[in-house]
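The structure appears right after this line, and notes come after that.
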Amino acid sequence: MARRIEYSARFPYPAERVYAALSDPAHWDARMAEMRKYSENHVKDLSVTEHGIYLVLHHVIPRSALPDIAQTVIKKDMVITRKESYGPFADRATGRYEASIPAGPGSLTGKMELFTSEDGSTLRTASEARVHLPFVGGKLEELILTNLLDVFRTEAAITADWLARQ
């Protein structure tokens with residue numbers, strides 16, 4: 084059975100400005116530089132067209148940094164490929180993401196929505212983790228979503244800081 088969680092990042096900037104940051108390679112360079120403090124990260128692909136934004140990120144987590152329960156099923160460093168796409172910005176933008184691990188026993192997917200809110204803008208993410216392993220699947224799903232919230236919080240803080248410096 085899948086587990087779900089929602090997270091909302093709030094920015095004191097208009098949604099158009101946040102969308103512009105998401106389409107700017109300099110923003111992604113700054114985000115990856117900051118995220119490397121935690122683990123190896125890099126942008127594999129960034130494409131911005133009139134149809135929206137398409138992005139592929141690689142996150143590398145050393146096996147030794149994984150919780151014991153995860154080490155029981157992951158035998159080497161964990162490489163997470165995260166693909167994100169956002170449609171074009173009108174008064175809002177919607178998107179999707181999926182994260183995968185080679186030979187991973189499950190899936191992590193989500194939907195994003197960037198919109199104007201009372202004090203600026205909000206990027207809302209609804210995520211679903213599904214692990215197909217008897218007995219430990221639910222625990223791994225919870226672990227994935229808990230760690231994902233930490234990633235989203237950190238990424239939002241980096242984006243807010245980057246916008247403040249522009």
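Here the working numbering = 1-based position in the sequence shown + 83.
Where a beta carbon is used, it is the ideal one built from N, C-alpha and C, also for glycine.
Here the structure is a predicted model, which means the values were calculated and not measured.
Boundaries of the beta strand (DSSP E) in which T132 is found, first to last residue: Here residue 132 corresponds to residue number 49 of the sequence shown, with the count starting at 1. E123 to T132 is the span of the beta strand (DSSP E), which, as asked, contains T132.
Status (buried if at least 16 other CB within 10 Å, exposed otherwise) for H134: The sequence position of residue 134 within the sequence shown is 51, counting from 1. H134 should be labelled exposed.
Per-residue burial, H215 [other beta carbons within 10 Å of its own, 16 or more giving buried]: Taking the first residue of the sequence shown as position 1, residue 215 is located at position 132. By the neighbour-count rule (16 or more Cβ atoms within 10 Å), H215 is not buried but exposed.
Contained beta strand (DSSP E) runs [length at least 3] in the region 182 to 234, N- to C-terminal order: 189 to 200 and 203 to 214
Minimum Cβ-Cβ distance from V214 to chain C less than 9 Å: Included in the structure is just one protein chain, with no chain C present.
C-alpha distance - M115 paired with F235, whole-angstrom precision: Looking up residue 115 in the sequence shown gives position 32. Looking up residue 235 in the sequence shown gives position 152. About 13 Å.
The beta strand (DSSP E) enclosing M115, as first and last residue numbers: Within the sequence shown, numbered from 1, the residue matching residue 115 stands at position 32. First-last for M115: P108 to M118, but that is the alpha helix (DSSP H), not the beta strand (DSSP E).
T164, DSSP secondary structure in three states: As a working note, residue 164 is residue 81 in the sequence shown. In the structure shown, T164 sits in a strand (DSSP, three-state: E or B).
Minimum C-alpha distance to Y180 - residue among L138, V126, N124 and Q154: Within the sequence shown, numbered from 1, the residue matching residue 180 stands at position 97. If we check each option's Cα against that of Y180, L138 comes out closest.
Among D244, T155 and L197, nearest to L223 - alpha-carbon criterion: Looking up residue 223 in the sequence shown gives position 140. Of the listed residues, the one whose Cα sits closest to L223 is T155.
Nearest-angstrom Cα separation, counted from S200 out to H110: Taking the sequence shown and counting its residues from 1, the one referred to as residue 110 is at position 27. Taking the sequence shown and counting its residues from 1, the one referred to as residue 200 is at position 117. In a straight line, the C-alpha of H110 is about 22 Å away from that of S200.
Sub-9 Å separation of S75 and L206 beta-carbons: No information on residue 75 is available, as it lies outside the stretch 84 to 249 that the chain covers here.
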